[in-house]
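First comes the structure, then the notes that go with it.
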Amino acid sequence: MIVLGTDKSLSPELECFFGGAMKDFIDLRSDTVTRPTPAMRKAMAEAEVGDDVFGEDPTVNLLQEKVANLLGKEATLFVPSGTMANQLSIKSHTQPGDEVIIESSSHPYNFEGGASAALSGVQFQCLKGVRGILEASQIEEAIRPADHHFAVTRLVCLENTHNRGGGSINPVEKMADIYRLAKSRGLLVHLDGARLWNASVATGIKTQEYAQWADSVSVCLSKGLGAPIGSLVAGSKSFIDRVHRFRKMFGGGMRQVGIIAAAGIYALEHHLERLKEDHQNAKRLGVGLKEFKGVSIDPRHVETNIVIFDIANAGMTAAQVAEAMKKEGVLIHAFGKSQIRLVTHLDVSAEDIEKALKVFEKVFGKK
Ligand code: TLP
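Reading the sequence shown from the start, the letters are residues 18 to 384 in my numbering.
Written out as structure tokens, the structure is:
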């Protein structure tokens with residue numbers, strides 16, 4: 018449960034938006050909405066810091082080392098956001114005019130403001146996956162021949178778990194097939210692992226086992242892990258050196274940022290295993306929602322902490338459902354006209370999930 022509107026500095030516009038009252042919301046819009054716990058704030062307040070642009074922040078250095086170990090990579094670099102982590106990776110792997118093969122509902126293609134075209138001058142070739150997951154054979158067909166008419170295919174981007182695919186897990190065997198194909202054709206592989214932690218906790222397969230099938234990996238601390246800010250890019254030492262240069266160029270070099278890195282270390286030490294609870298809560302939502310009129314969902318597709326379902330037959334648009342839910346204290350995310358996304362996280366309990374299901378029942382009615 019997240020308390021919105023208790024902040025004395027809330028603007029009148031926001032007070033109006035949230036109904037003015039000190040209202041409690043169950044916020045299922047994203048796992049990015051979590052707020053640092055008192056223990057995390059304590060770790061942040063006590064962090065030892067230095068100037069990270071000089072490489073002198075001991076807490077950042079410790080976080081970078083920890084994540085390099087977790088991903089089995091030579092080096093990592095701390096950056097402000099998942100978007101910057103992906104874009105720095107794409108920039109560092111490519112030349113302007115290159116082509117990047119990517120899934121059509123992926124985050125870098127849809128939700129990063131067209132950054133790869135603007136900042137790296139690359140074009141995407143988008144392939145449709147099953148709940149975001151691509152096959153090596155699809156990629157093989159999409160690789161451009163060595164002919165001057167065509168762009169140079171340079172990079173394959175994967176996403177695990179896949180956000181728009183409903184938190185789907187890209188099986189490690191499929192990643193291995195794609196990586197082997199990429200190597201045989203001289204291509205590089207980047208993994209958007211913003212929620213790789215969720216894939217690992219759900220399957221019991223270590224993060225480094227996934228990460229070995231990518232040349233670079235981006236991971237986020239500010240999604241399910243509950244840190245307020247922070248992502249890392251991982252790869253070989255020479256690759257991270259390039260990323261470091263571009264981070265400076267993009268204005269992402271930060272100074273006494275150990276204050277934030279400390280939240281990331283705390284999150285890795287205390288919030289990783291508990292992702293299981295988020296997965297159970299998401300599953301419960303999936304199973305519960307199936308009982309309501311006009312809702313179309315296969316609970317077997319709820320693999321981690323994201324639930325996406327269709328309401329085309331509910332006689333309401335997704336925006337109308339979101340509005341009706343908000344009036345009852347539950348925030349959800351409308352995706353287009355007839356899809357809704359729910360994401361479970363640190364700040365929603367099993368009890369909150371039961372309350373949210375009661376509200377959904379009120380809005381949709383029982384089948
Ligand atoms: N995803 C956000 C929104 O941008 C859609 C969310 O609410 O899920 N990769 C993946 C797979 C992501 O889901 C996100 C954030 C990012 C990258 C970008 O991370 P940030 O927001 O830190 O730039």
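The beta carbon of each residue, even a glycine, is placed where N, CA and C say it ideally should be.
Where does ASP194 sit, in a helix, a strand or coil, going by DSSP? helix
Report yes if the C-beta distance between GLU120 and GLN104 is below 8 Å; otherwise report no. Between GLU120 and GLN104, the CB-CB gap reaches or exceeds 8 Å.
Measure the Cβ-Cβ separation of GLY182 and GLY241 and say whether it is below 8 Å. no
Residue from ILE325, SER201, GLU116 whose Cα sits closest to the Cα of ALA159: Here the closest residue by C-alpha is GLU116.
Nearest-angstrom Cα distance between TRP230 and HIS288? Rounded to whole angstroms, TRP230 to HIS288 spans 25 Å at the Cα level.
Please check the pair ASP44 and LEU348, which I expect to be a contact at CB under 8 Å, by giving their CB distance rounded to whole angstroms. With a beta-carbon spacing of about 5 Å, ASP44 and LEU348 fall inside the 8 Å limit used to define contacts.
Return yes when the C-beta of SER248 is under 7 Å from any heavy atom of the ligand TLP, and no when it is not. yes
Counting pairs of Cβ atoms below 8 Å between the region 265–284 and the region 331–348, do you hit three or more? no
In chain order, which alpha helix (DSSP H) runs of at least 4 residues are fully inside the region 202–268? 213–220, 224–228, 254–266
Is VAL338 near ILE325, with beta carbons less than 8 Å apart? VAL338 is not a Cβ neighbour of ILE325, given a cutoff of 8 Å.
Spatial neighbours of VAL20 within its chain, please: C-beta separation below 7 Å, excluding the five flanking residues on both sides. With a pLDDT of only 49 at VAL20, under the threshold of 50, the placement of this residue in the model should not be trusted, and no figure is reported.
Segments of 4+ residues assigned as alpha helix (DSSP H) that fall wholly inside the region 315–357: Whole alpha helix (DSSP H) segments, 4+ residues: 335–344.
Helix, strand or coil for GLU383, going by three-state DSSP, please let me know. Glu is not the amino acid found at residue 383; the sequence shown has Lys there. Note: LYS383 maps to strand in three-state DSSP.
Is HIS165 near the ligand TLP, in the sense that its beta carbon is under 7 Å from a heavy atom of that ligand? No heavy atom of the ligand TLP is found nearer than 7 Å to the CB of HIS165.
For ALA216 and ILE186, I'd like the C-alpha separation in whole angstroms. Near 6 Å, if we compare the C-alpha coordinates of ILE186 and ALA216.
In its own chain, which residues sit with a C-beta less than 8 Å from the C-beta of LYS379, not counting the 5 before and 5 after it? GLU345
Report yes if the CB atom of THR178 is closer than 8 Å to the CB atom of ARG212, and no otherwise. Yes, they are a contact pair.
Please go through the same chain and pick out, in chain order, the residues whose beta-carbon is closer than 7 Å to the beta-carbon of LYS10, but skip the five residues on each side of it. Missing from the structure shown is residue 10; the chain here goes from 18 to 384 and no further.
Would you say the beta carbon of ARG52 is closer than 7 Å to some non-hydrogen atom of the ligand TLP? The beta carbon of ARG52 sits no closer than 7 Å to any heavy atom of the ligand TLP.
Rounded C-beta distance between ASP68 and ARG272? I'm assuming under 8 Å. 5 Å
For THR102, which option in VAL234, PRO162, GLN297 has the closest C-alpha, if you only look at C-alpha atoms? First, the amino acid is wrong: residue 102 is Ala here, not Thr. ALA102 has its Cα closest to that of VAL234, out of VAL234, PRO162, GLN297.
Where does GLN112 fall in DSSP's three states? coil
Report back the beta-carbon spacing between ILE156 and ILE195 to the nearest angstrom; my notes put them in contact at under 8 Å. 6 Å
On the criterion of 16 or more Cβ atoms from any shown chain inside 10 Å, does PRO125 qualify as buried, or is it exposed? buried
Do VAL66 and GLY275 have their C-beta atoms within less than 8 Å of each other? yes
May I ask which residues mark the beginning and end of the beta strand (DSSP E) holding THR170? 170–176
Could you check what DSSP says for ALA159 in three-state terms: helix, strand or coil? In the structure shown, ALA159 sits in a helix (DSSP, three-state: H, G or I).
Quick one: what's got a C-beta closer than 6 Å to ALA64's C-beta in the same chain, skipping five residues either side? THR76, GLY275, ILE276, ALA279
Within the region 49–92, note down every full beta strand (DSSP E) run reaching 3 residues or more, in order along the chain. none
Cα-Cα, which of SER253, LEU292, HIS296, LEU204 is closest to LEU88? SER253
How far does the alpha helix (DSSP H) with GLN297 in it reach, from first residue to last? 292–306
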